[in-house]
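Enquirer: Quick one: structure below, then a few questions.
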Amino acid sequence: MLNIVIFGAPGSGKGTQSDKIIEHYKLFHISTGDVLRDNIRRGTELGKTAKGYIDQGQLVPDELIIDILAQVLDENKVNAREGVIFDGFPRTIPQAEALEQLLADRGTKIDAVVGLEVPEEELIKRILLRGQMSGRADDNEETARKRLEVYHNQTSPLKAYYEQQGKYRAINGLGSIDGIFESISETLDSL
Ligand code: B4P
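If you want it as structure tokens, here you go:
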């Protein structure tokens with residue numbers, strides 16, 4: 045069983061690389077961003093609450109996202125699967141601690157954290173490009189800069205958190221999508 049977290053700033057390629065990792069390693073994909081956007085599309089109570097935060101470039105509160113994650117883990121019986129890739133979760137230290145507990149309760153753990161490292165101006169460029177194509181409300185310049193600020197303040201401390209546990213694996217997130225995937229697979233195959 046291989047459980048990994050794909051970690052990085054907004055626009056670093058988490059969703060893009062997750063698709064390739066899932067296909068190759070047959071992992072089960074959990075993207076908290078996708079779960080939230082699906083709820084927004086369906087107009088659920090959760091979606092209405094989440095939209096307010098996402099459109100402002102803020103994180104959805106920890107309690108809410110941790111409950112959602114617990115629900116997704118149980119609905120999909122993840123402890124009986126070959127492995128899971130967590131995409132966009134955890135994004136804060138309390139979320140990381142909760143994930144550790146949720147997995148321990150189910151008899152499993154995180155094996156590695158793949159950190160996609162990309163310079164800030166490239167991140168903004170990618171987000172704006174995606175905004176033009178997808179029309180995602182949070183993919184405009186003002187919100188993108190806010191998301192990056194939130195990332196630096198609340199999410200980036202997780203790098204040191206996982207380094208201390210010896211689980212962090214840095215990947216250069218600049219270059220072709222296939223080239224980056226190759227670096228990721230070399231890392232995962234060496235685990
Ligand atoms: P997410 O859906 O996770 O959005 P994201 O951080 O922008 O990453 P995403 O996966 O979509 O983008 P990617 O880097 O793949 O979260 C959205 C919002 O939901 C958050 O801001 C937050 O409000 C909320 N949320 C989600 N999880 C939460 C949590 N745990 N706690 C609290 N709130 C939470 O790709 C970006 C673009 O780059 C793509 O268009 C792609 O085509 C392009 N790209 C990828 N690789 C490339 C490459 N090598 N070269 C050039 N372009 C590339």
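Taking my numbering, the leading residue of the sequence shown gets 45, the next gets one more, and so forth. Here a beta-carbon is modelled for each residue, glycine too, at the ideal position from N, C-alpha and C.
(1) Out of Asn-47, Gly-52 and Leu-46, state which residue places its alpha-carbon closest to the alpha-carbon of Leu-192.
(2) At the level of alpha carbons, what is the spacing between Glu-207 and Pro-201?
(3) Excluding five sequence neighbours on each side, which residues of the same chain lie with their C-beta closer than 8 angstroms to the C-beta of Pro-163?
(4) Please confirm whether any heavy atom of ligand 1 lies closer than 8 angstroms to the CB of Thr-88.
(5) How many angstroms separate the CA atom of Leu-147 from the CA atom of Arg-189?
(6) Under the three-state reduction of DSSP, which class applies to Ile-98: helix, strand or coil?
(7) Between which two residues does the beta strand (DSSP E) harbouring His-73 extend?
(8) Please classify Ile-221 as buried or exposed, where buried requires at least 16 other C-beta atoms within 10 Å of its C-beta.
(9) If we count the other Cβ atoms within 10 Å of its Cβ and call it buried at 16 or more, is Leu-1 buried or exposed?
Expert: The answer reads as follows:
(1) Gly-52
(2) 10 angstroms
(3) Leu-218
(4) no
(5) 33 angstroms
(6) helix
(7) 72 to 75
(8) exposed
(9) Summary: the structure shown does not reach residue 1, with the chain confined to residues 45 through 235, and so no result is reported for it.
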